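Number of protein chains: 2
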Amino acid sequence: MSESSQRRIIIFDTTLRDGEQSPGFSMNLAEKLELAQALVDLGVDVIEAGFPIASPGDFEAVQAIAGKVRGSTICGLARCRDEDIDRAWQAVQKAEHPRIHVFLATSAIHREFKLKMGKEEIIQRAVASVRRAVGYCPDVEFSPEDAARTEIDFLCQVVEAAIAAGATTVNIPDTVGYATPAQMHNVISALVRRVPNIGKAVISVHCHNDLGMAVANSLAAVEAGAGQIECTINGIGERAGNCSLEEVAMALRTRHDVYHAQTRIQTQRLVPTSRLLTSITGMHVQRNKAIVGRNAFAHEAGIHQDGMLKERTTYEIMRPEDVGFTMSDLVLGKHSGRAALADRARHLGYNLSGEQLNKVFDGFKVLADKKKEIYDADLAALIEQQSRTVAEHWTLESYDLSSGSGRTPEVTLTVRHGDQVQTTRMAAGDGPIDAVFLAIGKLTGVVVTCKDFRVHSVTVGQDAQGEVTVEVEYGGQLYRGRGVSTDSVEASARAFLNAINRIAAVSVSADRPAGK
Amino acid sequence: MSESSQRRIIIFDTTLRDGEQSPGFSMNLAEKLELAQALVDLGVDVIEAGFPIASPGDFEAVQAIAGKVRGSTICGLARCRDEDIDRAWQAVQKAEHPRIHVFLATSAIHREFKLKMGKEEIIQRAVASVRRAVGYCPDVEFSPEDAARTEIDFLCQVVEAAIAAGATTVNIPDTVGYATPAQMHNVISALVRRVPNIGKAVISVHCHNDLGMAVANSLAAVEAGAGQIECTINGIGERAGNCSLEEVAMALRTRHDVYHAQTRIQTQRLVPTSRLLTSITGMHVQRNKAIVGRNAFAHEAGIHQDGMLKERTTYEIMRPEDVGFTMSDLVLGKHSGRAALADRARHLGYNLSGEQLNKVFDGFKVLADKKKEIYDADLAALIEQQSRTVAEHWTLESYDLSSGSGRTPEVTLTVRHGDQVQTTRMAAGDGPIDAVFLAIGKLTGVVVTCKDFRVHSVTVGQDAQGEVTVEVEYGGQLYRGRGVSTDSVEASARAFLNAINRIAAVSVSADRPAGK
Numbered sequence: 000m001s002e003s004s005q006r007r008i009i010i011f012d013t014t015l016r017d018g019e020q021s022p023g024f025s026m027n028l029a030e031k032l033e034l035a036q037a038l039v040d041l042g043v044d045v046i047e048a049g050f051p052i053a054s055p056g057d058f059e060a061v062q063a064i065a066g067k068v069r070g071s072t073i074c075g076l077a078r079c080r081d082e083d084i085d086r087a088w089q090a091v092q093k094a095e096h097p098r099i100h101v102f103l104a105t106s107a108i109h110r111e112f113k114l115k116m117g118k119e120e121i122i123q124r125a126v127a128s129v130r131r132a133v134g135y136c137p138d139v140e141f142s143p144e145d146a147a148r149t150e151i152d153f154l155c156q157v158v159e160a161a162i163a164a165g166a167t168t169v170n171i172p173d174t175v176g177y178a179t180p181a182q183m184h185n186v187i188s189a190l191v192r193r194v195p196n197i198g199k200a201v202i203s204v205h206c207h208n209d210l211g212m213a214v215a216n217s218l219a220a221v222e223a224g225a226g227q228i229e230c231t232i233n234g235i236g237e238r239a240g241n242c243s244l245e246e247v248a249m250a251l252r253t254r255h256d257v258y259h260a261q262t263r264i265q266t267q268r269l270v271p272t273s274r275l276l277t278s279i280t281g282m283h284v285q286r287n288k289a290i291v292g293r294n295a296f297a298h299e300a301g302i303h304q305d306g307m308l309k310e311r312t313t314y315e316i317m318r319p320e321d322v323g324f325t326m327s328d329l330v331l332g333k334h335s336g337r338a339a340l341a342d343r344a345r346h347l348g349y350n351l352s353g354e355q356l357n358k359v360f361d362g363f364k365v366l367a368d369k370k371k372e373i374y375d376a377d378l379a380a381l382i383e384q385q386s387r388t389v390a391e392h393w394t395l396e397s398y399d400l401s402s403g404s405g406r407t408p409e410v411t412l413t414v415r416h417g418d419q420v421q422t423t424r425m426a427a428g429d430g431p432i433d434a435v436f437l438a439i440g441k442l443t444g445v446v447v448t449c450k451d452f453r454v455h456s457v458t459v460g461q462d463a464q465g466e467v468t469v470e471v472e473y474g475g476q477l478y479r480g481r482g483v484s485t486d487s488v489e490a491s492a493r494a495f496l497n498a499i500n501r502i503a504a505v506s507v508s509a510d511r512p513a514g515k
Numbered sequence: 000m001s002e003s004s005q006r007r008i009i010i011f012d013t014t015l016r017d018g019e020q021s022p023g024f025s026m027n028l029a030e031k032l033e034l035a036q037a038l039v040d041l042g043v044d045v046i047e048a049g050f051p052i053a054s055p056g057d058f059e060a061v062q063a064i065a066g067k068v069r070g071s072t073i074c075g076l077a078r079c080r081d082e083d084i085d086r087a088w089q090a091v092q093k094a095e096h097p098r099i100h101v102f103l104a105t106s107a108i109h110r111e112f113k114l115k116m117g118k119e120e121i122i123q124r125a126v127a128s129v130r131r132a133v134g135y136c137p138d139v140e141f142s143p144e145d146a147a148r149t150e151i152d153f154l155c156q157v158v159e160a161a162i163a164a165g166a167t168t169v170n171i172p173d174t175v176g177y178a179t180p181a182q183m184h185n186v187i188s189a190l191v192r193r194v195p196n197i198g199k200a201v202i203s204v205h206c207h208n209d210l211g212m213a214v215a216n217s218l219a220a221v222e223a224g225a226g227q228i229e230c231t232i233n234g235i236g237e238r239a240g241n242c243s244l245e246e247v248a249m250a251l252r253t254r255h256d257v258y259h260a261q262t263r264i265q266t267q268r269l270v271p272t273s274r275l276l277t278s279i280t281g282m283h284v285q286r287n288k289a290i291v292g293r294n295a296f297a298h299e300a301g302i303h304q305d306g307m308l309k310e311r312t313t314y315e316i317m318r319p320e321d322v323g324f325t326m327s328d329l330v331l332g333k334h335s336g337r338a339a340l341a342d343r344a345r346h347l348g349y350n351l352s353g354e355q356l357n358k359v360f361d362g363f364k365v366l367a368d369k370k371k372e373i374y375d376a377d378l379a380a381l382i383e384q385q386s387r388t389v390a391e392h393w394t395l396e397s398y399d400l401s402s403g404s405g406r407t408p409e410v411t412l413t414v415r416h417g418d419q420v421q422t423t424r425m426a427a428g429d430g431p432i433d434a435v436f437l438a439i440g441k442l443t444g445v446v447v448t449c450k451d452f453r454v455h456s457v458t459v460g461q462d463a464q465g466e467v468t469v470e471v472e473y474g475g476q477l478y479r480g481r482g483v484s485t486d487s488v489e490a491s492a493r494a495f496l497n498a499i500n501r502i503a504a505v506s507v508s509a510d511r512p513a514g515k
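As you go down the protein sequences, you meet chains A and B in turn. For the first sequence, counting from 1, position 383 maps to 382 in numbering that gives the first Met the number 0; every step adds exactly one. For the second sequence, counting from 1, position 275 maps to 274 in numbering that gives the first Met the number 0; every step adds exactly one.
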């Protein structure tokens, strides 16, 4: 039960760790930095920036975020192994507020089949690891993995030992998304009641959504005494994802009468942050996604509309503007200046300055010549295209295409590679996009398999921009590419080249000595 | 608390009513019939087929489903008004098991602002309406709208009066998605404890997902004694949608140890039914959607993969095959016969026979000549294209296109309209798709505004088919169109013509006298 109306819940965001490791949601360094800054602006207390030992890329990203992002605690994940903890500390040590998060599975099934360790050994390992982390950093979180399926007596022992060793946060993960609200309430209540030193640590909860109950389970934990919720933007994460940050934050706010708890979340930043993640990953939320979906505040039925006109609260428990939906998103035209652009970009969750602002402004002027009205979504697409691209080894110079029913498309494609301009002309493929894709493979010499291809209109109307997202496989890895244009063939060519540039970027960085 | 391990929960699906009325999810008569049959095959107990008084189209759809679909109860919605109830009965009376569902708001805010009625008047109106419905049909459901925000004493009075008047199901809607699991548990427990005649009716629950808790709230109601859950495929519905059928069904099954309850749901039909709805509406579920999303069973992290290899249950609480994911979806080639096609289609949720099977088989042979391997998703796209089209006033004969960087595309488009073949040649638009769109507007004379344009690759590989979904506005109404081809320009042309055919179909039926 809640103790006071002043109670504050710590929001721990793991979009960059649990979210980023799920298929389709990988991000590069620049994208992770941009999202981390947006999480600070959103009011997130702790950013789990990655799992530093997992790969050199993960390490670099956590280190860069710790070095540059100010205003939130930056956390790195580690198994209960010395090299993991050392690596995590190396990555987070430059943070304003660093945190090391160590985890070790405790459930019977994980002990027996995965770890092949007994209970005593697990407690010893957990204690030694927490102590090692505390030696580096006063802010240490410990997670007994699969806690929701762990015998409650043993869980109490592990948690007590971890706190005694110096853990300042103990996190209870429902790793497989198996818990129910009543069960989660019971587990947290038992810890509060039975662990003698529980007052020395914050109890945290980390819920997965496999049975659709991640938000309710997190809130049940809060009711029982948890003080931190682990969650992600758009609820992304392993399998069915994690507790959705926007849903849990708005539930705490809307049902303050029940939970008597507050967060630091700036709720008007929820929709911009959700859109930023969508724009980075190309993965759209479904139309009926709570809080941030396109339909979340749409009242379609005549009866509802009638009620809304008489009194909003008959059918509306939250206002769209409270979560950052803007009533009208028509904002800029060809006469808009640099300051107006930067201001609007900030509203959308992008902090532009210096060279980046110049590049986006140049692109904006070109687009404004083609399009009368530049919507928020146009601007977001433009920023994505101009400012968040990887090193452009390959760029599109021009294309020319001829295609028709029942004949093989003919395409002439010209791309630039450094100082070199190369052209190919070929007749191939099942359609225009396929022809462009084959021509790019021929020109770049990078032969990939297309796993996913999507076009999404960014705005409405005749001169709408199309955003193309592709996912290609190369050397057993998946790479994403994005391209935007009012011409869908051009957007597709850009998306394929973007994917190939990402492949090239990885090949270059792989030449460097690995971090470990 | 559950009374016995034999307890059966009635699954009431409202995809065709609450789901269909939300923006982007409207369906035509043939689509509703197809989905209703799939719901029967899924094992749904009650299908809420529509709100007959809302429009002649709604009435026709409920009447057609009641006349043709066997194996589930067919329910029609009505306000507490004589004409609504009479119309609902007209629509459902031919059903094998008809149900009339009457509703009236009971919360203070709805009484005061929307209905402008006092408590006594509301009880009288509810009783009179239930009695009228019972006069037609023994199976009557009553819903006090916004029940979750209604004073508990008054709610008990209304429910008792409705049951005394003959209601056999009393449904507790959380109309605005405001409830929490503990609150829902309290409301249902209070009804069980305080309403003297509660044993004569089934308690039902209808939860919305605005705060992300629809599934947990529904299950809390079951724990407290509810015997029916109202839900939808993919969780669609007004605003953030309803309780997701697939999530609640799998939660009841996976946590049988907690809920001690069973349903008639054939869980292996969950993914096929979800995909059928997606294919009808063009609205995809997000990648991390629980149970039916593409990532729902994906184990990405190395640690998880390692655990899975050692013992599946370390990270897997449900098996993908239990919800209808097939391990390999490569099934048909050019030598496959009609029976194999029909069998595979049935597995995907489509019942093909007679003329429909012939049309799909013809299309399959054409596609198999172009594509070596026909995947499940190819087949589903083909069935959608061949069998579920509206009357084809306009069809694509051929296109020819020339387009390139920095120049206006030129397109020659030929369409058939009945016996007439018309061709236009024009240079217009910002890109190839825009040019095709403008040419179609010129040829058909139907000028629409494009509100949404999406391409989605149906399968992987070089010869993947692209599925184009468009949403256009005409006369203040939104219309959807879909087209599939290995050539994305051709698919786009088909999608636009499909939308225009839907507009034409409505214009024709609008000439008929309205139902009321």
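Even glycine gets a Cβ: it sits at the ideal position worked out from N, Cα and C. None of these values were measured; they are calculated from a predicted model.
Distance, residue j Cα to residue i Cα
i              : j              : result
residue 517(A) : residue 11(A)  : Here chain A covers residues 0 to 515 and nothing more, so residue 517(A) does not appear.
residue 352(A) : residue 116(B) : 58 Å
residue 104(A) : residue 225(A) : 20 Å
residue 454(B) : residue 393(B) : 21 Å
residue 66(A)  : residue 14(A)  : 19 Å
residue 359(B) : residue 233(A) : 38 Å
residue 169(A) : residue 269(B) : 37 Å
residue 523(B) : residue 45(B)  : There is simply no residue 523(B) to check, as chain B begins at 0 and stops at 515 in what is shown.
residue 412(A) : residue 400(A) : 8 Å
residue 501(A) : residue 265(A) : 33 Å
residue 216(B) : residue 215(A) : 8 Å
residue 481(A) : residue 235(A) : 20 Å
residue 314(B) : residue 438(B) : 53 Å
residue 212(B) : residue 311(A) : 22 Å
Residue i, buried or exposed, once every other Cβ within 10 Å from all chains shown has been counted against 16
i              : result
residue 195(B) : exposed
residue 151(A) : exposed
residue 517(A) : This structure cannot settle anything about residue 517(A), because the visible part of chain A is limited to 0 through 515.
residue 446(A) : exposed
residue 43(B)  : buried
residue 241(B) : buried
residue 205(A) : buried
residue 246(A) : buried
residue 100(A) : buried
Endpoints, alpha helix (DSSP H) assigned at residue i
i              : result
residue 182(A) : 180-193
residue 398(B) : That residue, residue 398(B), is in no alpha helix (DSSP H); its beta strand (DSSP E) goes 393-403.
Beta-carbon separation (whole angstroms), residue i vs residue j, contact threshold 8 Å
i              : j              : result
residue 279(A) : residue 249(A) : Contact flag wrong, Cβ pair sits at about 22 Å.
residue 21(B)  : residue 372(B) : Going by Cβ atoms, the distance from residue 21(B) to residue 372(B) rounds to 36 Å, so no, they are not a contact pair.
Continuous beta strand (DSSP E) stretch holding residue i: start and end
i              : result
residue 419(B) : 419-426
What are the residues in the segment 308-327 of chain B lying within 8 Å of chain A by C-beta distance? Considering only beta carbons, the part of the segment 308-327 of chain B lying closer than 8 Å to chain A consists of 309, 310, 312, 313, 314, 315, 316, 317, in chain order.
Listed in chain order, which residues of the segment 182-204 of chain A have Cβ atoms closer than 9 Å to some Cβ of chain B? Per Cβ criterion, the list reads 182, 184.
Using Cβ-Cβ distances below 9 Å, what residues of the segment 398-411 of chain B are close to chain A? Listed in sequence order: 398, 399, 400, 401, 402, 403, 404, 405, 406, 408, 411.
What residues in the segment 425-442 of chain A have a beta carbon less than 8 Å from any beta carbon of chain B? Listed in sequence order: 428, 429, 430, 431, 432, 433, 436, 437.
What residues from the segment 249-262 of chain B come within 7 Å of chain A, judged by C-beta to C-beta, listed N to C? Hits within the stretch, in order: 249, 250, 253, 254, 257.
Mind checking the segment 135-148 of chain B against chain A and listing, in chain order, the residues whose C-beta falls within less than 8 Å of any C-beta there? For the segment 135-148 of chain B, which is checked against every Cβ of chain A, the residues closer than 8 Å are 145.
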